[in-house]
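A.B. asks:
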Amino acid sequence: MLTKLALISLGGGIGAALRFYVGYGVVSILPSQYLHYSFIATFCINMLACFGIGLCVAMIKGQDSLLFVFLTIGLLGGFSTFSTFSLEVLKLLQNHCILTAMLYMLLSNICGILCVYLGYVFKG
1 MLTKLALISL GGGIGAALRF YVGYGVVSIL PSQYLHYSFI ATFCINMLAC FGIGLCVAMI
61 KGQDSLLFVF LTIGLLGGFS TFSTFSLEVL KLLQNHCILT AMLYMLLSNI CGILCVYLGY
121 VFKG
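Numbers 1 to 124, taken from the UniProt record's numbering, label the letters of the sequence shown in order.
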């Protein structure tokens, strides 16, 4: 049990650091007029995490294995961010960007499920 907890903690820390750097990287390539659309970075991060979890489920036998726990609960759990997604939707709604908020919610869910599926079938 302590081994799993240590691996989850390690993976979560690595995932959070990766989220920071990937988010920074996505925002840094956006044209300046789109910098206030930071939710694009969150969307990209969450889609990568969805693909990753689909791939892990397809490739790792035994969802109780240490590798599976490290990658899914730890790394991908620390990398993806539902709370940031929820906050960004709230901010969009508060700024009266209703259509953008609705599209963001819809696309995040549809594309997320699609990315999990693509990750799952990617192993070939």
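Each residue gets a CB set at the ideal place from its N, CA and C atoms; glycine is no exception.
1) Just to confirm the assignment, what range does the alpha helix (DSSP H) spanning I98 have?
2) Can you tell me which of K123, G112, S9, S86 puts its alpha carbon nearest to the alpha carbon of A49?
3) Which same chain residues end up closer than 7 Å to F85 when comparing Cβ atoms and leaving out the 5 residues on each side of it in sequence?
4) State the CB to CB distance for the pair G15 and F79, rounded to an integer number of angstroms; the pair is presumed to be in contact (CB under 8 Å).
5) Hey, L75 and G11: beta-carbon distance below 8 Å or not?
6) What does a CB cutoff of less than 6 Å around C115 pick up in its chain, not counting 5 residues either side in sequence?
7) Looking at the secondary structure, which residues open and close the alpha helix (DSSP H) in which T42 lies?
8) If you drop the 5 nearest sequence neighbours on each side, which residues of the same chain put their C-beta closer than 8 Å to that of residue 125?
9) Buried or exposed: which applies to G62, given that a residue is buried once 16 or more other Cβ atoms fall within 10 Å of its Cβ?
10) Beta-carbon separation of V89 and I8 under 8 Å?
11) Hey, quick one: how far does the alpha helix (DSSP H) through L76 stretch, first residue to last?
12) Mark Y104 as exposed unless 16 or more other C-beta atoms lie within 10 angstroms of its C-beta, in which case mark it buried.
C.D. replies: Taking the coordinates as given:
1) For the purposes of this step, residue 98 is identified with residue 98 of the sequence shown, where counting begins at 1. Note, I98: alpha helix (DSSP H), 98-122.
2) Translated into the one-based positions of the sequence shown, residue 49 becomes position 49. Among K123, G112, S9, S86, the Cα nearest to that of A49 is on G112.
3) Within the sequence shown, the letter at position 85 stands for residue 85. Excluding positions up to five away in sequence, the list reads T42, N46, S108.
4) Along the sequence shown, one-based indexing puts residue 15 at 15. Along the sequence shown, one-based indexing puts residue 79 at 79. G15 to F79, Cβ: 4 Å. Contact.
5) Numbered from 1 along the sequence shown, position 75 holds the residue referred to as residue 75. Numbered from 1 along the sequence shown, position 11 holds the residue referred to as residue 11. Result yes, Cβ atoms of L75 and G11 sit closer than 8 Å.
6) On the sequence shown, residue 115 is found 115 positions in, with the first residue counted as 1. Around C115: M47, C50, F51.
7) As a working mapping, residue 42 is identified with position 42 in the sequence shown. 39-59 is the extent of the alpha helix (DSSP H) around T42.
8) In the structure as shown, the chain begins at 1 and stops at 124. Residue 125 is therefore absent and cannot be evaluated.
9) Here residue 62 corresponds to residue number 62 of the sequence shown, with the count starting at 1. With fewer than 16 Cβ atoms within 10 Å of its Cβ, G62 is classed as exposed.
10) Here the question's residue 89 lines up with position 89 in the sequence shown. Here the question's residue 8 lines up with position 8 in the sequence shown. Not in contact: V89 and I8 (Cβ atoms no closer than 8 Å).
11) Walking along the sequence shown from the start, residue 76 turns up at place 76. Per DSSP, L76 belongs to no alpha helix (DSSP H) and is neither H nor E.
12) Mapped onto the sequence shown, residue 104 falls at position 104. Y104 is buried by the Cβ-count criterion.
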